[in-house]
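Peer 1: With the numbering used here as the guide, the letters of the sequence shown map in order to residues 1222 to 2240.
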Amino acid sequence: MTGRPPVLRFTRHRASFLYCGVAPIGLVLASLASPASAQDTQTATPPAADTSAQDTEEAPVQDIVVTGSILKTDTATPSPVTTITVENLDQRGISTTQDAIQSLSANNGPALTNSFSANGAFAGGASAVSLRGLSTNSTLVLFDGMRAAYYPLADDGTRNFVDLNTIPDDIIDQVQVVRDGASSTYGADAIAGVVNIITKRQFKGLTGRVEGGISERGDASQYRLSLTGGVGDIDEQGYNAYLSGFYYRSEQLFNRQRPYPYNSDDLRNVCNDGTCGPNNVIDGLDGDGNYPGFSANTTNLGSTLYVAPFDSAAGVAAGRYQMLNPGVGCPRGTAYDLSAGDLADNPLAPTTVCQEDLTQNYGVITPEIERFGFSGRVTAKVGDSSEAYGELNFLQTEVSYDGLPSTIRGNAPAPFYFPRYSTSSNIAYYGNNTILQLPVYVCPRETQGACTAANGTINPNNPYADQGQTAAVIGRLPNLTEHNESRTRAYRFAAGIKGDLSDRWSYNFNATAMHMDLRRKNTGYVYIQHLLDVVADGSYNFLDPSANSQDVLDYLAPTAQATSTSDLVQAEGTVTGDLFELPGGPLQFGAGVSVRYEAVDSPSINSDINGGTERYYRLNGFATKGHRTVYSAFAELNAPILDPVSVNLSGRYDRYSGGLDNFSPKVGVKFTPIQQVVLRGTYSRGFRVPSFGEADATFPTTGYVTASRGIYPDSYLAQYGCTSEPNDYNTNCPTYIRNASYGLTTLGNPDLKPEKSRSWTVGALIEPIPGVSFTADYYNIKKTGAISAPNFAPAIAAYYTGQPIPDGYTVIPDAADTGTPGALPRIAFVQAAFINANTIKSEGLDFSASVDLPITNGFRISSQAEASYILKLSTTFPDGTVERYDGTLGNFNLTAGSGTPKWRGYWLTTLDFDDFRLSGTVNYMGGYDLSAMDQGGAYKDCGLSDGSVPCRVDDYVTFDLTAQIPVTDKFTFYTTVLNVFDDLPPLDPVTYGAHLYNPVQGGTGILGRYIKAGAKFSF
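Here's what the structure looks like:
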């Protein structure tokens, strides 16, 4: 495309108005703090408070849930715990529990967001949390203290996690987040922390909610309906039963619905200090307005079909390409006629090319999501001192999004059983003549042997057939578009009974069973053998693709469908009680046993087990299957040895059916020197067993990474007439290089050992006056024997510098660039097996502050801020080399280029009047350097930047405003404006989880100013 939008230039004034706008609220709080301290009034619980070291006297002991402890107590453990309440969600204008967990300040880079599902994530349609930047499989997600089934597809095909979209929002009472290791209580996966989803114990009456939202631009709409009804009172009537149902839907959002440059591949007007971005539009002009040179590999990416006479013996085009049907023109792009000079410099280039912007035409920001579910619970007293319950949940989530036009000339996905087939290069294993060609003659499909003039007819699709030449064809099919759907169904049943054995001892028994099935359905993906069939028999009309019948299209691109399942069954029993009195209170002891069975069966949707051509283009073939039983015994001792000092000791032994076992100890100390100050600290050891994908993958995992400028040495780029200098790279390097991606294939290893962890925390909670509190905690986590693929960077560097490939790696080259066929091709795949080798360290700080002050009888003000700061996140490899990731885009491969920003936090302030509540939230996510040591280069060396944006991506700050108006005691109207100042995310041209912005940093900010309105009622 030749038109150029206004040039974007960068300044450092982002969101300064937010600080100016919010600062007066802080001044008001400061001025009111002193007078409020003299008022003798009961303060409300902060909406999302750190509850880990506070004493509670207002609720019966049996109603207190303390995540991270099996003991029944009215004081919590020394571990730092964040509690998210329903009130907090309403004040912040957050519609789902999934969104609330994703917004945690401790959640960072490797998190899996719904928006990433629309960009080719392995676990498409799912959402996962990643505390401390330690990946999704180091954070344990529980439902009422019990485990949940894994999502049937693992993150990157290897990391098991619990899908946050399976949370039944409207029966949630609160969410507790333990921000330190908890393997001593819960076993594996709790290295970085625990997220415990706590459902309502009882509900009486009828309540419901109706909500709708839409962006200011009139798109990205969403709807939410819910209804809950319950009868009975456990304390007065001895029982309670409730039913709840909900419906939620959000519409698909395309890049073309957002302003430049988020809607385009033409980045020539994204400029910084005189350096502008490249034009990645197919066959687009460079920054100087010149045609950049023809490459069949690049032109092949568009939805216009071109052909050229082909020399089968030489394996190259024998003449200039031309549009197969000039009458169709450029339906999805802009025609550009090459000049005489362009044609002279590019002997294979067509006289007219179609400049097509794939992001503008097909890019998806968020998928379409539809969820509904039902929950029911019955709780009843049993005898005088026991209580039993049963709970049933069903939830269905459907996620769908559109993709690109269908591929016909390309490489098959990563192989396993057979060599990879390709229609973009000749593969010797398949006869060395596999480049896609329209034959001279076509014959019926059942024809045996060669198709010749004797048994066939002239191919009407081949304009060179009369001259006896085959026609090389490039381009995507304009009448077939890839479409992806996933449907997840989650069924969960839980039951339990608890009660007193005596006046000092009690018991608690719980059991749960959960089944998930995930149906993946992909349409518009070309099946390679069927493509070869319709080319050979002429049944597909390449001249006029719109004339093809639905039967022909269905044969060419049959629906790919597979169902994956995941199961969990768990039973657990505990006994707790008081042993004797100590100076600070009773010595408490608890012990328990647990057994659980977990299984995953995720068959490949695109295996090559039947041959290299018996599969689809562009669908990843990963698969895994496995099951195991885990037996556990655990105990906990809480000793208030002095009135101000208590010590908590706990430990857990786990044994797996495959022979692995582990013991996880933990010690915590809480010291209260004065009533207003609590000092706390913990030390623990944890572990994580190999996932089913890491140990038992039946088809290896391949993740695709966008190639960055930093991986190419100048000696390699010289073959393509360019260097790594940003302007030269953006202007002169061919699209074959600039738009490259490569696959990282990791092979399962059944001999893997569990990775071990050591973590410790130390912190303080200060409550100088009633209603005012501050916390600060330091955490330090070290994982040894961490399971990962070896560092791929040495193998990539060796290939591009012409050195021998290191042992343990296999590098598979891509097809050569047709414009420079003699140059060393780019990398297609790098393969290596999982190993226990690395040491990963994460350390940082958590802060929180809360104020809750009554000002007058009809007015109160509350404010809360939370923030997390990553001091350091690094990996040490067996050879002693260290990669550091904090404040950069590393770990690039693990985080899909989302990186590890150092800072994240929010500040919520609520003004509460008798008949009106106004809440404002400042959301903050720190910036980062455009570098990643796992992609080569040094720490914060700006090595991944192309120079078109500053080396450091800006901090991202948004402001949300929510108003709640209680019309009556039973009816409340509310409205929320998210991203009030319509500040879209900072530009990041390197990350590949989204187009030009970081999906973890940007979150829902890409929606722009977003308005939601709804009503709640209760009877």
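Heads up, the beta-carbon is just placed ideally off N, CA and C, and yes, glycines get one too.
#1: What's the gap between the Cα of G1439 and the Cα of I1392?
#2: Would DSSP call H2216 helix, strand or coil?
#3: Could you check which residue in S2152, N1869 and M2146 has the C-alpha nearest to that of L1191?
#4: Going by DSSP, what residue range makes up the beta strand (DSSP E) through L2094?
#5: Taking only the alpha-carbon atoms, compute the straight-line gap between V1585 and Q1312 and give it to the nearest angstrom.
#6: Take the Cβ of D2067 as the centre, count every other Cβ of all protein chains shown within 10 Å, and call the residue buried at 16 or more, exposed below.
#7: To the nearest angstrom, report how far apart S2166 and T1944 are at their CA atoms.
#8: Do you know how far the Cα of V1416 is from the Cα of N2144?
#9: Taking only three categories from DSSP, how would you classify S1273?
#10: Quick one, which of R1697, P1301, S1787 and S1627 has its alpha-carbon nearest P1779's?
#11: Note down the Cα distance separating T1334 from A1347, rounded to an integer number of angstroms.
#12: What does DSSP give as the partner residues of H1736 in its beta bridges?
#13: With DSSP as the reference, identify every bridge partner of L2132, one or two as the case may be.
#14: For D1949, which of helix, strand or coil comes out of DSSP?
#15: Does the separation of the CB atoms of A2088 and F1995 fall below 7 Å?
#16: With a threshold of 8 Å, are at least 3 pairs of Cβ atoms found where one atom belongs to the stretch 1528-1538 and the other to the stretch 1495-1513?
#17: Using only alpha-carbon positions, find the residue among Q1395, T2031, P2206 and L2045 that is nearest to A1321.
#18: Return the Cβ separation of I2026 and A2016 in integer angstroms, given the expectation that the two are a contact with Cβ distance under 8 Å.
#19: At 4 residues or longer, and completely inside the stretch 1743-1804: list those alpha helix (DSSP H) runs for me, N to C.
#20: Looking only at DSSP bridge pairs, what is G1414 linked to?
#21: Just verifying my parser: in three-state terms, what is the DSSP assignment at S1404?
#22: By alpha-carbon positions, which one of C1492, T1496, N1484 and D1494 ends up nearest to V1502?
#23: Assign A2010 to one of three DSSP states: helix, strand, or coil.
#24: At which residues does the alpha helix (DSSP H) containing I1305 begin and terminate?
#25: Under 7 Å, do A1781 and Y1746 count as touching if we go by C-beta distance?
#26: Quick check: the Cα distance between Q2052 and Y1950, rounded to an integer number of angstroms?
#27: Determine the direct distance from the alpha carbon of G2101 to that of I2061, and round the result to whole angstroms.
#28: Run the CB neighbour count on N2078, radius 10 Å, all protein chains shown included, and call it buried at 16 or more, exposed below.
#29: Tell me the start and end of each unbroken beta strand (DSSP E) in the stretch 1996-2066 that is at least 3 residues and wholly inside, in chain order.
#30: In three-state terms, what does DSSP make of E1472?
#31: Please report the straight-line C-alpha distance between N1493 and L1739, rounded to a whole angstrom.
#32: In three-state terms, what does DSSP make of G1872?
#33: Quick one: measure Cβ to Cβ for P1886 and S1405, integer angstroms, because I've assumed they're closer than 8 Å.
#34: Mark A1265 as exposed unless 16 or more other C-beta atoms lie within 10 angstroms of its C-beta, in which case mark it buried.
#35: Which partner residues does Q1690 have in the DSSP bridge list?
#36: Under 7 Å Cβ to Cβ from M1544, same chain only, skipping five residues before and after it: list those, please.
Peer 2: The structure says:
#1: Roughly 31 Å between the two C-alpha positions.
#2: Secondary structure at H2216: coil, using DSSP grouped into helix, strand and coil.
#3: No information on residue 1191 is available, as it lies outside the stretch 1222 to 2240 that the chain covers here.
#4: L2094 -> beta strand (DSSP E) spans F2080 to T2097.
#5: 30 Å
#6: buried
#7: 14 Å
#8: 21 Å
#9: Unreliable placement is indicated for S1273, whose pLDDT of 48 sits below 50; no coordinate value is reported for it.
#10: S1627
#11: 7 Å
#12: Y1712 and D1788
#13: DSSP lists I2082 and L2139 as partners of L2132.
#14: helix
#15: no
#16: Segments in contact, no.
#17: Q1395
#18: That belief holds up - the Cβ atoms of I2026 and A2016 are roughly 6 Å apart, short of 8 Å.
#19: If only uninterrupted alpha helix (DSSP H) runs of at least 4 residues are considered, those enclosed by the stretch 1743-1804 are 1749-1758 and 1771-1777.
#20: T1360
#21: Three-state DSSP puts S1404 in a helix.
#22: N1484
#23: coil
#24: If you look at I1305, you'll find it isn't in any alpha helix (DSSP H); it sits in the beta strand (DSSP E) that goes V1302 to T1306.
#25: Contact flag set, yes.
#26: Just so you know, the alpha carbons of Q2052 and Y1950 end up roughly 28 Å apart.
#27: 12 Å
#28: exposed
#29: 2031-2034 and 2048-2054
#30: coil
#31: 45 Å
#32: strand
#33: With 8 Å as the limit, P1886 and S1405 qualify as a contact, their Cβ atoms being about 6 Å apart.
#34: Reliability of the predicted coordinates at A1265 is poor, the pLDDT of 34 falling under 50, and the value obtained from them is presented with this limitation in mind. Flag for A1265 reads exposed.
#35: Answer is none; Q1690 lacks a bridge partner.
#36: T1525, Y1527, P1571 and T1573
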